[in-house]
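**Student:** Residue numbers (the working numbering), protein chains in the order written: chain E, 66 to 196; chain V, 66 to 196; chain F, 66 to 196; chain R, 66 to 196; chain S, 66 to 196; chain U, 66 to 196.
Yeah, the Cβ is synthetic: ideal placement off N, Cα and C, and Gly gets one too.
Protein chains: 6
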Amino acid sequence: MSTVTLIEYEDASPKVRAVYDDIRAARKSDFINNFWKALAHSPETLERVWFTLKDVMGPGTLDPLTKELVYMAVSIANKCEYCIHSHTVAARKKGMTDEQYAEFLAIVGMAHQTNGLVTSMQVPVDEAFKA
Amino acid sequence: MSTVTLIEYEDASPKVRAVYDDIRAARKSDFINNFWKALAHSPETLERVWFTLKDVMGPGTLDPLTKELVYMAVSIANKCEYCIHSHTVAARKKGMTDEQYAEFLAIVGMAHQTNGLVTSMQVPVDEAFKA
Amino acid sequence: MSTVTLIEYEDASPKVRAVYDDIRAARKSDFINNFWKALAHSPETLERVWFTLKDVMGPGTLDPLTKELVYMAVSIANKCEYCIHSHTVAARKKGMTDEQYAEFLAIVGMAHQTNGLVTSMQVPVDEAFKA
Amino acid sequence: MSTVTLIEYEDASPKVRAVYDDIRAARKSDFINNFWKALAHSPETLERVWFTLKDVMGPGTLDPLTKELVYMAVSIANKCEYCIHSHTVAARKKGMTDEQYAEFLAIVGMAHQTNGLVTSMQVPVDEAFKA
Amino acid sequence: MSTVTLIEYEDASPKVRAVYDDIRAARKSDFINNFWKALAHSPETLERVWFTLKDVMGPGTLDPLTKELVYMAVSIANKCEYCIHSHTVAARKKGMTDEQYAEFLAIVGMAHQTNGLVTSMQVPVDEAFKA
Amino acid sequence: MSTVTLIEYEDASPKVRAVYDDIRAARKSDFINNFWKALAHSPETLERVWFTLKDVMGPGTLDPLTKELVYMAVSIANKCEYCIHSHTVAARKKGMTDEQYAEFLAIVGMAHQTNGLVTSMQVPVDEAFKA
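1) So, at 8 Å on beta carbons, what are the nonlocal neighbours of Asp128 of chain V in its own chain, with the 5 sequence-adjacent residues on each side left out?
2) Strictly below 7 Å CB to CB, what residues from chain S border Ala138 of chain U?
3) Identify which residue in S:Glu146, S:Gln178, S:Pro79, S:Met161 has its Cα closest to the Cα of Ala105 of chain S.
4) Using three-state DSSP, classify Ile97 of chain U as helix, strand or coil.
5) Considering only heavy atoms of the ligand SAM, does any lie closer than 7 Å to the CB of Leu170 of chain U?
6) Taking Cβ-Cβ distances below 9 Å as the criterion, which residues of the segment 107-120 of chain E are in contact with chain F?
7) Expressed to the nearest angstrom, what Euclidean distance is found between the alpha-carbon atoms of Tyr136 of chain E and Ala176 of chain V?
8) Lys132 of chain R CB to nearest chain E CB: under 8 Å?
9) Closer than 8 Å by C-beta to Pro102 of chain F: which residues in its own chain qualify, once you throw out the five before and the five after it? Chain order, please.
10) When you compare the CB of His152 of chain S with every CB in chain R, is at least one pair closer than 8 Å?
11) In chain V, which residues lie with their C-beta within 7 Å of the C-beta of Tyr147 of chain E?
12) Does the Cβ of Asp191 of chain S have 16 or more other Cβ atoms within 10 Å, making it buried, or fewer, making it exposed?
13) Among F:Ile88, F:Asn99, F:Gly160, which residue has its Cα nearest to the Cα of Tyr147 of chain F?
14) Please list the partners that Lys159 of chain S has in chain E, where partner means a Cβ-to-Cβ separation under 7 Å.
15) Let me confirm a value: Lys144 of chain F is counted as buried when at least 16 other C-beta atoms fall within 10 Å, else exposed. Which label applies?
16) For the putative contact between Met161 of chain U and Pro189 of chain S, defined by C-beta atoms under 8 Å, what is the C-beta separation to the nearest angstrom?
17) Decide if Leu132 of chain F is buried, meaning its Cβ has at least 16 other Cβ atoms within 10 Å, or exposed.
18) Just list the alpha helix (DSSP H) runs in the segment 101-137 of chain F, keeping only unbroken ones of 4 residues or longer that don't cross its boundaries, in chain order.
19) Measure the alpha-carbon distance for Lys195 of chain E versus Pro108 of chain S and round it to whole angstroms.
20) Using a Cβ-Cβ distance cut-off of 8 Å, determine whether Met175 of chain U contacts chain E.
21) Quick one: grab the DSSP three-state call for Gln165 of chain R.
22) Going straight from the alpha carbon of Thr153 of chain V to that of Gly174 of chain E, what length do you get?
23) Cβ of Met66 of chain S less than 8 Å from any chain V Cβ?
24) Report the three-state DSSP secondary structure of Leu170 of chain S (helix, strand or coil).
25) With distances taken Cα to Cα, identify the nearest neighbour of Thr179 of chain S among U:Thr179, U:Leu118, U:Ala171.
26) In chain E, which residues lie less than 7 Å from Lys144 of chain S when you measure between Cβ atoms?
27) Just to confirm the assignment, what range does the alpha helix (DSSP H) spanning Ser35 of chain U have?
28) Assign Thr184 of chain U to one of three DSSP states: helix, strand, or coil.
29) My guess is that Asn93 of chain F and Leu130 of chain F are in contact by the Cβ rule of under 8 Å, so how many angstroms apart are they, rounded?
30) So which of S:Asp95, S:Arg82, S:Ala193 has the shortest CA-CA distance to Ser151 of chain U?
31) I think Ser185 of chain R touches Leu170 of chain S, with their Cβ atoms under 8 Å apart; what is that distance to the nearest whole Å?
32) Considering Cα atoms alone, identify which of U:Gly181, U:Met122, U:Gln187, U:Val183 is closest to Ala156 of chain U.
33) What residues from chain S crowd round Leu170 of chain E, counting only those whose CB sits closer than 7 Å?
34) Answer with buried or exposed for Lys164 of chain E, where buried requires no fewer than 16 other C-beta atoms within 10 angstroms of its C-beta.
35) Do we get a CB-CB distance below 8 Å when we pair Lys195 of chain S with the residues of chain V?
36) When you compare only the Cα positions, how much space is there between Ile97 of chain U and Arg89 of chain U?
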């Protein structure tokens, strides 16, 4: 249950529809996921977030799968259930294999562990890392 | 300042020295960073974490830089200052360019933003993501 | 599902009933929400938290809606689903409009983003902020 | 110590200078704080974040101090040292009194406590909150 | 819903079955909880995590209930719903009384509160704590 | 650097001095640590937090060291540098041995790891845990 209703295309204002249309065109699919339908109550934020995200996750010097893995890693450490599901699905669509996912999980698990150990002992940053 | 002293090679037990030797051999450098020197108070955990980490971050189906970016992403979202510094340095050593770092930062920033927005509105996971 | 049962008024001890009575009187409603019914297993904590909360959220130099928005902001960043729902409902009761909520969400989203960017780069605090 | 150097106005590219100029004009001060100087390595993100932030924190239906308090609350729960300092300073500039700050701290403390208690017991959201 | 299917004993590979067998033997029960069934997609991580956990949570200088309370405390602060449930159940099996649980909750609540207050004011570590 | 000045005994109001006196009496030491000196700007919160903490951390059904370990565990997962230092010092004063600390760290590390893995895969809570 969300704190706001989900706005469907039929009930959306022209400004929101324009964003929905762009999402559909970019993804070559009619499907609009719930995040955008909830964010549609804030048309300006919807517009800003969508276009920034399309740009940031678009072609660049990091490959598409790497970008999704970074997004997944942040979402996991931030405990965002919705984001974990949507970006894990996206990573699979971008070619993530079961073996890659298992490796990713092993890294995420170990990163959490060493983060916890370092924080426990308040280890000072090495001078060599500050160069 | 850490909650424990940092154990130097000269003062280490044989079990700890064996791990330090393996770290040096794996990295082809005499440098041992502070994390291991602090963890050396727990020789079994030191041994377990080092050998697991060497394995998890070693050759696999994800390339070395991607692995570091995932580690950085988790460490950032977990607010681990030491880990952010050490893995950013490691990523640079593995070839991360300034442009890739800027792209990485843009993704990390947007992931935090959408994580925050989704959590604020408690958006329900789409049925399509559960298939 | 909670880790404890929810204690209804009928089944409560006199000490717990006294708190429930005060909650009802303060809110001018018979409704007791689940948080208190779960906390009732710890009567002393129940009593302490309720009376402190009534005091802290009561009349002061910050207006009631601002107080709720601060509570919501903390609850979101702490990923407390229950707290997000209960305080968003409370904010609406205290007059939060759809436009204010949209502005609030935009701020929360940007705060998460800049928090993430600052942490990623470990930006040092300006001397000017320490004055 | 940050993971990147801080880019001063003199060393900045025209695109970055344009943002710095706008920051100075908006704040009626020559002072550019470290966040922007670090973010300047990512000119597009710098530009996007600054202009969005100026817009989001600008005039609206929530008053300027309330906006800063929300920003502070998120930054505290996200443990962003830099952000806590910069936004506490900003809140004081926007008129936050010592008494208001004490009230704010009391709310933030209690929100953390009830967030922790609710999470501990995994209290289910009341049906009444879902209406 | 998890991002992976849950692997039952009947469908498990020999390597996974060996771990399941060890879990059953250690717990003197046929029950395998979902965490292991999900992790079974990563047999090496499954094996490593299980055997480490058995060792870490096994006999030592801290008593079994104290170990569970530490595990619960971390899981709560990390907002891991599954982990909170499984370790609260485990603590009860290891003898946690209702009174101890109430005391534990009171500590967890206060720790969250003082953590939040300290972070809000960025209190510097006393020199006396660094000795 | 804190966001407020630290209030010394000599400069404190009668209300704050009364709390400082109680802290000194309870600890049989003249030392007042920085947390209270910062919180003294909010006399009511100072009074409430100190007396609750004295009560919660005082004699009960959990032994004093276990209580400190729970406090440390929450403070670590919440990344509160000050709290980690002060409670680790307190645990040592209450008898924590090096061996117990090493065991504690191993648990904290593994709890972070399994929290991260469970969250990554969004493992559903077993029905058996809900009984």
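**Tutor:** With the given structure in hand:
1) none
2) Val135, Ala138, Val139
3) S:Pro79
4) coil
5) You won't find the ligand SAM in this model; it holds no ligand whatsoever.
6) Ser107, Pro108, Glu109, Thr110, Arg113, Val114
7) 6 Å
8) no
9) Looking at the sequence itself, residue 102 of chain F is Lys, so the reference to Pro does not match. So the qualifying residues of the chain are Leu71, Ile72, Glu73.
10) no
11) Val183, Val188, Val190
12) Classification of Asp191 of chain S: buried, given that the 10 Å Cβ count is 16 or more.
13) F:Asn99
14) The premise fails here: Lys159 of chain S is roughly 22 Å from chain E at the closest Cβ pair, so nothing lies under 7 Å.
15) The residue is buried, with at least 16 neighbouring Cβ atoms inside 10 Å.
16) No, Met161 of chain U and Pro189 of chain S are not in contact; Cβ-Cβ is about 24 Å, not under 8 Å.
17) For clarity, residue 132 of chain F is Lys in the given sequence; the question names Leu instead. Answer is buried; the Cβ neighbour count reaches 16.
18) 108-121, all fully within the segment 101-137 of chain F.
19) 38 Å
20) Cβ-Cβ to chain E under 8 Å: yes for Met175 of chain U.
21) In the structure shown, Gln165 of chain R sits in a helix (DSSP, three-state: H, G or I).
22) 18 Å
23) yes
24) Leu170 of chain S: helix per DSSP, three-state reduction.
25) U:Leu118
26) Going along chain E in sequence order, the residues near Lys144 of chain S (Cβ under 7 Å) are Lys144.
27) With chain U covering 66 to 196 only, the question about residue 35 of chain U has no answer from this structure.
28) In the structure shown, the three-state DSSP call for Thr184 of chain U is helix.
29) Note on residue identity: the sequence assigns Lys, not Asn, to residue 93 of chain F. That pair is no contact at about 18 Å.
30) S:Ala193
31) Contact holds; Cβ gap of about 6 Å.
32) U:Met122
33) Ser107, Thr110
34) A small fix is needed here, since residue 164 of chain E is Glu in this sequence, not Lys. Result: exposed.
35) yes
36) If you draw a straight line from the Cα of Ile97 of chain U to the Cα of Arg89 of chain U, it comes to about 7 Å.
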